[in-house]
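Numbering follows our numbering, with no gaps: position 68 of the sequence shown is 101.
Cβ coordinates follow ideal geometry from the N, Cα and C atoms, glycine included.
Notes follow the structure.
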Amino acid sequence: GTVQYIITLPHSPTIIPFLQSKSESTMLYSVILPTYNERENLPIIFYLIDKYLAEAKLAYEVVIVDDSSPDGTLEIAQAIQKSFGDDKVTIVSRKGKLGLGSAYVAGLEASKGDRIVLMDADMSHHPKVIPQMVKKMDTDGVDIVTGTRYIQGGGVYGWDNFRKLTSRTANFLADFLLNPGVSDLTGSFRLYERKVIEKILPKVASKGYAFQMEIVVRARNDNMTIAEVPITFVDRIYGESKLGTKEILLYLKGLVQLFFTT
Numbered sequence: 034g035t036v037q038y039i040i041t042l043p044h045s046p047t048i049i050p051f052l053q054s055k056s057e058s059t060m061l062y063s064v065i066l067p068t069y070n071e072r073e074n075l076p077i078i079f080y081l082i083d084k085y086l087a088e089a090k091l092a093y094e095v096v097i098v099d100d101s102s103p104d105g106t107l108e109i110a111q112a113i114q115k116s117f118g119d120d121k122v123t124i125v126s127r128k129g130k131l132g133l134g135s136a137y138v139a140g141l142e143a144s145k146g147d148r149i150v151l152m153d154a155d156m157s158h159h160p161k162v163i164p165q166m167v168k169k170m171d172t173d174g175v176d177i178v179t180g181t182r183y184i185q186g187g188g189v190y191g192w193d194n195f196r197k198l199t200s201r202t203a204n205f206l207a208d209f210l211l212n213p214g215v216s217d218l219t220g221s222f223r224l225y226e227r228k229v230i231e232k233i234l235p236k237v238a239s240k241g242y243a244f245q246m247e248i249v250v251r252a253r254n255d256n257m258t259i260a261e262v263p264i265t266f267v268d269r270i271y272g273e274s275k276l277g278t279k280e281i282l283l284y285l286k287g288l289v290q291l292f293f294t295t
C-alpha cells in the first residue's frame, strides 16, 4: 500500500508592519532547491528557511526541483507542501537525473519571485545568511550577492584535505584564467535580481560545478554588479556528496571553454 507522510513543523506567519514601504512589503523571494536523494535534509532545510525568512519579515516561496530521487524525496516534498500550502511550496518533479543547471532553469520558470535565491538542499548552506544577503543587496544596490568561503568570516567545516585542495585549486585556476573579481567562484549560494538570472541562465552552457563559475563570468561580462557575504560551508550530514572525478573533469572542461569564449 501507499505510505503517507505527515510533517508538522513550527511555523510563525510573516507579519508585515503597516508602515513598511510598499517595495519591501510586496517583494517576493523564490528559494530554488534542486534535490536528489535529500529526504532527510529537506524537512530541516525547509524549516530553517521558513524560520529565518519569517523572522526577517521576508515573503517567500520555496521551489523544490526533484530529479526522480529513488529515496522518496518527492513524497517528503509533497507532505511539506500539504502542511504549508501551494503558495509557499511549489514542486517540479522531473523524470530522470537531468542535472543542476537545467534544475535551476526549471525552478526559475516555476517561480514567481522578484528575487531568486539559489542554494543547496543538503544543509551545507545555512538559510540564516539569506537576510544578510538581502540587506547587502539593498544597501549596495547590486545585481547579485554571492556567499563566499574565502573572505574573513567565511570557511568550511567537515571537509577532508582533498575537498579543501580541490576547491582552492578550482577557484585559483578560474581566478587566474578568467579574472572575474569574485573570491568564491564555485559556490552555489547566491541571491539574484530576477531580471539578472533570467538574462544569464539561457547563455550558460557548462555542466556540474563549472555552472556556478560561468554564471559569475557571464554576469561580469554583462557589467552586472556583484557583492559578497561570508558563509560557512558545512559538509552534508545525511546522504552522499556528488563530487567525484566526473565533476572535476567537467569543471576543467568548462574552465577551458570559458577561457577561449569569453
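Exposure label - residue i; buried when at least 16 CB within 10 Å
{"i": "S54", "result": "Note that S54 scores 42 on pLDDT, short of 50, meaning its location in the model is unreliable and no value can be drawn from it."}
{"i": "Q245", "result": "buried"}
{"i": "D171", "result": "exposed"}
{"i": "N256", "result": "exposed"}
{"i": "P247", "result": "The question names Pro, yet the displayed sequence has Glu at residue 247. Answer is buried; the Cβ neighbour count reaches 16."}
{"i": "D83", "result": "buried"}
{"i": "P46", "result": "Confidence at P46 is low in this model, with a pLDDT of 48, below 50, so the placement of that residue should be treated as unreliable; the coordinate-derived value is given next. Exposed."}
{"i": "D173", "result": "exposed"}
{"i": "F106", "result": "A small fix is needed here, since residue 106 is Thr in this sequence, not Phe. With 16 or more other Cβ atoms within 10 Å, it is buried."}
{"i": "G134", "result": "buried"}
Residues of its chain near residue i, where Cβ-Cβ distance is below 7 Å and the 5 sequence neighbours each way are ignored
{"i": "V175", "result": "T258, I259, A260"}
{"i": "Q165", "result": "V262"}
{"i": "K168", "result": "none"}
Residue i - partner residues in DSSP beta bridges
{"i": "A260", "result": "V178"}
{"i": "I149", "result": "S63, Y225"}
{"i": "T172", "result": "Bridge partners of T172: none, in fact."}
Bounding residues of the alpha helix (DSSP H) (the contiguous stretch that carries residue i)
{"i": "L141", "result": "133 to 143"}
{"i": "T219", "result": "Here T219 belongs to no alpha helix (DSSP H), and DSSP marks it neither H nor E."}
{"i": "V229", "result": "227 to 233"}
{"i": "R127", "result": "Careful: R127 lies outside any alpha helix (DSSP H) and carries neither H nor E."}
{"i": "D83", "result": "74 to 88"}
{"i": "E247", "result": "243 to 254"}
Delimiting residues of the beta strand (DSSP E) encompassing residue i
{"i": "L61", "result": "61 to 68"}
{"i": "V98", "result": "92 to 99"}
{"i": "V237", "result": "Segment: none, V237 is in no beta strand (DSSP E) and carries neither H nor E."}
{"i": "S116", "result": "Note, S116: premise wrong, no beta strand (DSSP E); alpha helix (DSSP H) at 106 to 117."}
{"i": "V162", "result": "Premise fails: V162 is in no beta strand (DSSP E) and is neither H nor E."}
Neighbourhood of residue i by C-beta, 6 Å cutoff - its chain only, sequence neighbours within 5 removed
{"i": "D100", "result": "Y69, R127, K130, L131"}
{"i": "V138", "result": "L234"}
{"i": "Y225", "result": "I149, I177"}
Proximity winner among the options, relative to residue i (alpha-carbon distances)
{"i": "V98", "options": "E142, S221, T181", "result": "E142"}
{"i": "S157", "options": "T59, V95, E71", "result": "E71"}
{"i": "L86", "options": "L61, K228, K169, L234", "result": "L61"}
{"i": "R227", "options": "N254, I177, A154, T106", "result": "I177"}
{"i": "V237", "options": "L224, N254, F222", "result": "N254"}
{"i": "V250", "options": "T106, T179, P160", "result": "T179"}
{"i": "E108", "options": "V267, D217, P76, S135", "result": "P76"}
{"i": "D217", "options": "Y183, E231, P160", "result": "Y183"}
{"i": "G220", "options": "K169, D153, K168, S239", "result": "D153"}
{"i": "F79", "options": "V215, E231, V267, K161", "result": "K161"}
Neighbourhood of residue i by C-beta, 8 Å cutoff - its chain only, sequence neighbours within 5 removed
{"i": "E94", "result": "L61, Y62, S63, V64, D120, K121, V122, T123, S144, K145, G146"}
{"i": "I48", "result": "Below a pLDDT of 50, predicted positions are generally treated as unreliable, and I48, at 40, falls in that range; no measurement from the model is reported."}
{"i": "A252", "result": "D176, I177, V229, I233, I259"}
Residue-chain proximity (residue i, chain C), Cβ-Cβ < 7 Å
{"i": "D217", "result": "In the structure shown, chain C does not exist; there is a single protein chain."}
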